[in-house]
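Numbering (full-length UniProt numbering), first residue to last: 1 to 399. Just so you know, even glycine gets a beta-carbon here, dropped at the ideal spot from N, CA and C.
And the structure:
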């Protein structure tokens, strides 16, 4: 036991020394694209359960060396950290901005901080932070971020409705995203009449919106009930509108699931085949995994086998291409990053979808699709929303 304890101490000492060496190399490597972002991204939590690596020393060192810091740079850093799913580090940067007072924060920065707190510490802490925000800083971006937390769960229905009503009273419902959030919630609750009501409010209020995004949101809401009759009726109406409706593959999956729940396997298979045609190249791997599972559930064994063969052929081709590049599948080390042969790299957050994960088998960066775009991260369902998105330069965009 004593020798084991001594070994553990030596191991921890070695790891800490290695981290310090790596940190120093990163700070002094002016030849390796020495930017604030590159320095922060080089700091990693290799063993998060043993100690918490901080990124704030990098920011302090940057200032100490006489470098300037502007809002654009720091927002880009937060965005990059969010894309790499390093939300703890993103929150550290956000907190550092406030404590050091390096620039005057905007409501977009406040919304970003609120989002990061919810991810890092949970809803209760996010609510406490929201209460501490001065009233003049609580604009539609901040309220939309708070609303996005409440619309993810049936249990927080009343909080969502109260927040939505507050936004209405303060004339904050001039962007489509709050409506999308409520449409998603009422779909989750199975209340299609409420879905129709929110859609009517958005149109009557003259809110400018992307018809395709709105239609995909409504279809997913009907599918989640599932209300196949309302879903088909709505789809039939919008398919002949101008501009033409573009089905999102995530929506197609949701609709196919609705058909399966209602026992209509034939219609489910038809929808899955239609969905195959609209999958973009970046989402191919993630979508095909879901499609294969769905074909299997629907009893379409030939379609399942067809996709399986196609997927395996692409993976073999990709691995062959990696070997040709000279890495030989070996692991290589670079200060701040770890590359596992042909694969590796950091994941990134994208909006849309049903929360599926693509592990790309060494084909590059892993990606994760967030639920419903959410208003956190990149928003496939609307115009941004909360989170690291927007003006704070996070994972999504603020409109």
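Burial state of residue i, where buried means 16 or more other Cβ atoms lie within 10 Å
{"i": "residue 158", "result": "exposed"}
{"i": "residue 295", "result": "buried"}
{"i": "residue 244", "result": "exposed"}
{"i": "residue 63", "result": "exposed"}
{"i": "residue 208", "result": "exposed"}
{"i": "residue 78", "result": "buried"}
{"i": "residue 66", "result": "exposed"}
{"i": "residue 266", "result": "exposed"}
{"i": "residue 309", "result": "exposed"}
{"i": "residue 317", "result": "exposed"}
{"i": "residue 83", "result": "buried"}
{"i": "residue 94", "result": "buried"}
{"i": "residue 142", "result": "buried"}
{"i": "residue 217", "result": "buried"}
{"i": "residue 241", "result": "exposed"}
{"i": "residue 313", "result": "exposed"}
{"i": "residue 108", "result": "buried"}
Residue span of the alpha helix (DSSP H) that contains residue i, given as start and end
{"i": "residue 217", "result": "211 to 224"}
{"i": "residue 203", "result": "192 to 204"}
{"i": "residue 187", "result": "176 to 189"}
{"i": "residue 286", "result": "284 to 298"}
{"i": "residue 153", "result": "That residue, residue 153, is in no alpha helix (DSSP H); it is neither H nor E in DSSP."}
{"i": "residue 92", "result": "87 to 100"}
{"i": "residue 259", "result": "249 to 261"}
{"i": "residue 128", "result": "123 to 132"}
{"i": "residue 236", "result": "228 to 238"}
{"i": "residue 265", "result": "265 to 276"}
{"i": "residue 56", "result": "56 to 64"}
{"i": "residue 41", "result": "36 to 41"}
{"i": "residue 71", "result": "71 to 83"}
Sequence-distant residues of the same chain with beta carbon closer than 6 Å to residue i, five excluded per side
{"i": "residue 220", "result": "251 and 254"}
{"i": "residue 256", "result": "268, 271, 272 and 294"}
{"i": "residue 73", "result": "36"}
{"i": "residue 33", "result": "Only weak support is given to the placement of residue 33: the predicted model assigns it a pLDDT of 43, under 50, and the question is left unresolved by the model."}
{"i": "residue 69", "result": "102"}
{"i": "residue 38", "result": "none"}
{"i": "residue 238", "result": "215 and 245"}
{"i": "residue 123", "result": "149"}
{"i": "residue 230", "result": "192 and 222"}
Beta-carbon proximity list for residue i, same chain, < 7 Å, skipping 5 on both sides
{"i": "residue 189", "result": "154 and 157"}
{"i": "residue 101", "result": "none"}
{"i": "residue 96", "result": "56 and 59"}
{"i": "residue 226", "result": "258, 261 and 262"}
{"i": "residue 224", "result": "187, 188 and 254"}
{"i": "residue 297", "result": "260"}
{"i": "residue 71", "result": "103"}
{"i": "residue 299", "result": "265"}
{"i": "residue 98", "result": "105"}
{"i": "residue 163", "result": "143, 146, 147 and 150"}
{"i": "residue 328", "result": "Caution applies to residue 328, whose pLDDT of 46 falls short of 50 and renders its modelled position unreliable; the value that the coordinates give is listed next. Here the set comprises nothing."}
{"i": "residue 292", "result": "304, 307 and 308"}
{"i": "residue 234", "result": "218, 219 and 222"}
Whole-angstrom C-beta distance between residue j and residue i, which should lie under 8 Å
{"i": "residue 53", "j": "residue 40", "result": "That pair is no contact at about 11 Å."}
{"i": "residue 118", "j": "residue 111", "result": "Contact doesn't hold; Cβ gap of about 11 Å is too wide."}
{"i": "residue 114", "j": "residue 145", "result": "5 Å"}
{"i": "residue 198", "j": "residue 179", "result": "5 Å"}
{"i": "residue 288", "j": "residue 311", "result": "5 Å"}
Cutoff 8 Å; reference residue i; Cβ partners in own chain excluding five residues on either side
{"i": "residue 160", "result": "147, 150, 151, 181, 182 and 185"}
{"i": "residue 264", "result": "228"}
{"i": "residue 176", "result": "202, 207, 208, 209, 210, 213, 214, 382 and 383"}
{"i": "residue 120", "result": "87, 88 and 91"}
{"i": "residue 129", "result": "113, 114 and 117"}
{"i": "residue 139", "result": "107 and 172"}
{"i": "residue 205", "result": "173 and 174"}
{"i": "residue 236", "result": "none"}
{"i": "residue 80", "result": "37, 40 and 41"}
Closer than 7 Å: residue i CB and nearest the ligand ATP heavy atom
{"i": "residue 87", "result": "Questions concerning the ligand ATP fall outside what the structure shown contains, since it holds no ligand whatsoever."}
Exercise. Does the pairing of the stretch 272 to 282 with the stretch 292 to 310 give three or more beta-carbon distances under 8 Å?
Worked result: yes
Exercise. Is there contact here, the stretch 122 to 135 with the stretch 165 to 177, by at least three beta-carbon pairs under 8 Å?
Worked result: no
For this session: Check whether the stretch 231 to 248 touches the stretch 279 to 289, taking contact to mean three or more Cβ pairs, one atom from each stretch, closer than 8 Å.
Result: no
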